[in-house]
Amino acid sequence: MQKRIYLSLAHMSGSEQKFIQEAFDTNWVVPLGPNVNGFETDLEEFVGANKKVVALSAGTAAVHLALIACGVGVGDEVICQSFTFCASANPITYLGATPVFVDSERDTWNMEPQLLEEAINDRIAKTGRKPKAIIAVHLYGMPAKMDEIADVAAKYDIPVIEDAAEAFGSCYKDRMCGTIGRYGVLSFNGNKMITTSGGGALICPDEEAKQSIMFYATQARESYPYYQHEHIGYNYRMSNICAGIGRGQMTVANAHIEHHRHVCALYKELLADVGGISLHENPTSHYQSNYWLNTILLAPTLRVKGEEQAYATAVRGAIGGAAGVTHAAEKLHTDCEPNANVEALRVALDAAGIEVRPLWKPMHRQPVYASSPAYVNGVSEDLFAQGLCLPSGPCVTDEDVHYIVEQIKSNIEHIP
Ligand SMILES: Cc1ncc(COP(=O)(O)O)c(C=O)c1O
49 MQKRIYLSLA HMSGSEQKFI QEAFDTNWVV PLGPNVNGFE TDLEEFVGAN KKVVALSAGT
109 AAVHLALIAC GVGVGDEVIC QSFTFCASAN PITYLGATPV FVDSERDTWN MEPQLLEEAI
169 NDRIAKTGRK PKAIIAVHLY GMPAKMDEIA DVAAKYDIPV IEDAAEAFGS CYKDRMCGTI
229 GRYGVLSFNG NKMITTSGGG ALICPDEEAK QSIMFYATQA RESYPYYQHE HIGYNYRMSN
289 ICAGIGRGQM TVANAHIEHH RHVCALYKEL LADVGGISLH ENPTSHYQSN YWLNTILLAP
349 TLRVKGEEQA YATAVRGAIG GAAGVTHAAE KLHTDCEPNA NVEALRVALD AAGIEVRPLW
409 KPMHRQPVYA SSPAYVNGVS EDLFAQGLCL PSGPCVTDED VHYIVEQIKS NIEHIP
């Protein structure tokens with residue numbers, strides 16, 4: 049049977065079980081304990097910059113708690129990069145606040161700093177109040193233009209939350225992504241650079257901020273002999289079992305990052321002579337992506353075999369092998385979807401045993417956010433229409449990359 053090549057599968061180091069066994073042996077089967085503390089220390093050493101880290105149950109929980117730490121509440125507005133996964137934005141709505149979406153620039157595909165400033169000024173003009181926070185995302189591991197974003201944020205005195213869920217180990221001007229803004233979000237979901245099965249972390253500026261995040265992550269308990277609650281808290285702490293996996297994964301974190309970068313270099317070499325397809329790469333040496341997912345754009349003029357049948361059949365389940373339940377789609381099309389050549393290539397590669405995925409659909413084009421203000425320039429919609437994510441994880445071999453590129457080439461009908 050043909051082997052299936054996945055986007056980014058988890059890859060164990062072999063030492064995870066030792067940490068888990070210790071947890072069982074010492075009966076630390078709870079959402080705290082030596083593995084949680086040890087994993088946090090490992091993460092603090094890894095990200096550096098004297099930051100403090102809190103291990104949590106998910107990256108989404110980290111976004112949520114960062115927003116709380118920035119004082120976001122009912123009726124507030126929060127600026128969020130539109131080109132991202134929904135987890136960057138959804139916690140804004142959990143708090144009864146409104147996301148204000150800002151489009152991307154073409155170099156990094158992340159938040160466009162000038163548009164950010166326009167959005168801030170327009171929100172102040174329209175509402176009389178400035179947004180409470182800015183969520184900048186390092187999409188697919190590519191660092192955002194952090195200096196420019198930080199300058200705008202400083203000018204209006206608005207805290208920046210860096211969503212580095214996909215950018216573990218990426219650097220911007222030699223600083224780790226997640227350590228540049230006031231808070232930084234990490235994710236250790238199964239498909240990320242390292243995994244704890246499910247999990248995340250919040251990078252905090254100092255010990256005081258860390259203590260406050262831990263308070264909210266553990267149901268906000270006051271110091272009484274009984275349960276006294278004066279704030280709303282959450283059950284967001286990482287389990288000591290998951291943290292054991294994390295400690296094992298930290299022993300291979302650098303190897304994983306190197307591997308993703310190696311896969312990128314190989315795609316670059318093999319796709320070099322393929323007209324109409326461009327690989328997304330670091331725009332300058334200031335940007336050091338971890339290449340969590342390697343991504344390509346297909347020129348709209350590129351003809352792919354089977355384009356005429358693209359979108360002819362409904363997708364069963366969700367792209368990305370989503371856990372849980374997806375609703376059956378009512379229609380074959382939406383009013384914002386990847387170009388037919390992109391969908392045709394996705395279907396062809398899928399049939400060849402290769403998992404590829406369209407880029408994230410911009411939040412300002414998601415029906416659920418139809419009423420949220422958005423400051424757009426067409427960039428993220430263009431990228432979404434033309435882009436695909438390619439297999440990039442630690443289980444992807446050189447042989448796989450050769451096969452993937454061969455399959456891409458054999459499905460191209462006409463190179464413009
Ligand atoms: C950009 C981005 N933000 C946030 C998250 C949320 O992380 P988690 O899945 O750990 O909740 C993810 C990943 O899933 C992500 O890709």
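Read in order, the letters of the sequence shown are residues 49 to 464 in my numbering. Where a beta carbon is used, it is the ideal one built from N, C-alpha and C, also for glycine.
The alpha helix (DSSP H) enclosing residue i, as first and last residue numbers
i: D170; result: P161 to T175
i: S260; result: E255 to A265
i: A58; result: Taken as a continuous stretch (DSSP letters only), A58 belongs to no alpha helix (DSSP H), as it is neither H nor E.
i: G232; result: First-last for G232: Y231 to S235, but that is the beta strand (DSSP E), not the alpha helix (DSSP H).
i: A202; result: M194 to Y204
i: G86; result: P82 to V95
i: I452; result: D446 to S458
i: A110; result: G107 to A117
i: I140; result: N138 to Y142
Any non-hydrogen atom of ligand 1 within 7 Å of residue i CB
i: V233; result: yes
i: E214; result: yes
i: A114; result: no
i: T108; result: yes
i: A135; result: yes
i: N158; result: no
i: V208; result: no
i: G248; result: yes
i: T132; result: yes
i: V111; result: yes
i: D73; result: no
i: D211; result: yes
i: N237; result: yes
i: V185; result: yes
Neighbourhood of residue i by C-beta distance below 6 Å, restricted to the same chain and skipping five residues each side
i: E255; result: K100
i: A58; result: G238 and T243
i: P79; result: R285 and S287
i: A201; result: I182 and V208
i: S61; result: G296, T299 and V300
i: V122; result: G144
i: E88; result: V101 and A103
i: A213; result: G107, V233 and S235
Start and end residues, beta strand (DSSP E) containing residue i
i: P147; result: T146 to V150
i: G20; result: Nothing about residue 20 can be read from this structure; the chain reaches only from 49 to 464.
i: L104; result: K100 to L104
i: Q129; result: E125 to Q129
i: D155; result: Taken as a continuous stretch (DSSP letters only), D155 belongs to no beta strand (DSSP E), as it is neither H nor E.
i: E214; result: Per DSSP, E214 belongs to no beta strand (DSSP E) and is neither H nor E.
i: N342; result: N342 to L346
i: A181; result: A181 to V185
i: L350; result: Taken as a continuous stretch (DSSP letters only), L350 belongs to no beta strand (DSSP E), as it is neither H nor E.
i: I251; result: G248 to C252
Other residues of its chain near residue i: CB distance less than 8 Å, five sequence neighbours each side excluded
i: N387; result: L346, P348, A433 and Q434
i: L55; result: N239, L341, G368, E403, V404, R405, C437, L438, P439, S440 and G441
i: H277; result: Q267, A268, R269 and E270
i: K353; result: A392, A396, N459, I460 and E461
i: P331; result: D155 and T156
i: Q455; result: A396, L397, A400 and I402
Rounded Cβ spacing between residue i and residue j (contact assumed at less than 8 Å)
i: N283; j: V84; result: Their Cβ separation, rounded to whole angstroms, is 14 Å, which puts N283 and V84 out of contact at 8 Å.
i: Y339; j: G189; result: 6 Å
i: D151; j: S428; result: 5 Å
i: Y359; j: E166; result: Actually they are not in contact, since the Cβ atoms of Y359 and E166 sit about 35 Å apart, beyond 8 Å.
i: G220; j: P253; result: Checking the sequence, you will find Tyr at residue 220 rather than Gly. At roughly 17 Å, the Cβ-Cβ gap does not stay under 8 Å, so Y220 and P253 are not in contact.
i: L318; j: H450; result: 7 Å
i: A145; j: H186; result: 22 Å between Cβ atoms; not a contact.
i: A97; j: M224; result: 7 Å
i: A377; j: V363; result: 7 Å
Cutoff 7 Å; reference residue i; Cβ partners in own chain excluding five residues on either side
i: P139; result: T108, V111, H112 and L115
i: S245; result: G238, C290 and I293
i: M262; result: V102
i: P179; result: E125, V126, I127, V148, I168, R171 and I206
i: I280; result: A268
i: D383; result: none
i: E196; result: P161
i: E51; result: With the sequence shown as reference, residue 51 is identified as Lys, and Glu is not the correct amino acid for it. Correct list, in chain order: G401.
i: Y335; result: T156, M190, P191 and Y220
Interface flag, residue i vs chain D, CB-CB below 8 Å
i: A198; result: The structure shown has no chain D; it contains just one protein chain.
For the region 262-332, list the alpha helix (DSSP H) runs that are entirely contained and at least 4 residues long, ordered along the chain.
-> Taking only runs of at least 4 residues, the alpha helix (DSSP H) segments lying wholly in the region 262-332 are 288-298 and 301-319.
Output the residue ranges of the beta strand (DSSP E) runs that lie fully inside the region 370-424 and measure 3 residues or longer, sorted by chain position.
-> Counting only unbroken stretches of 3 or more residues, no beta strand (DSSP E) element lies wholly within the region 370-424.
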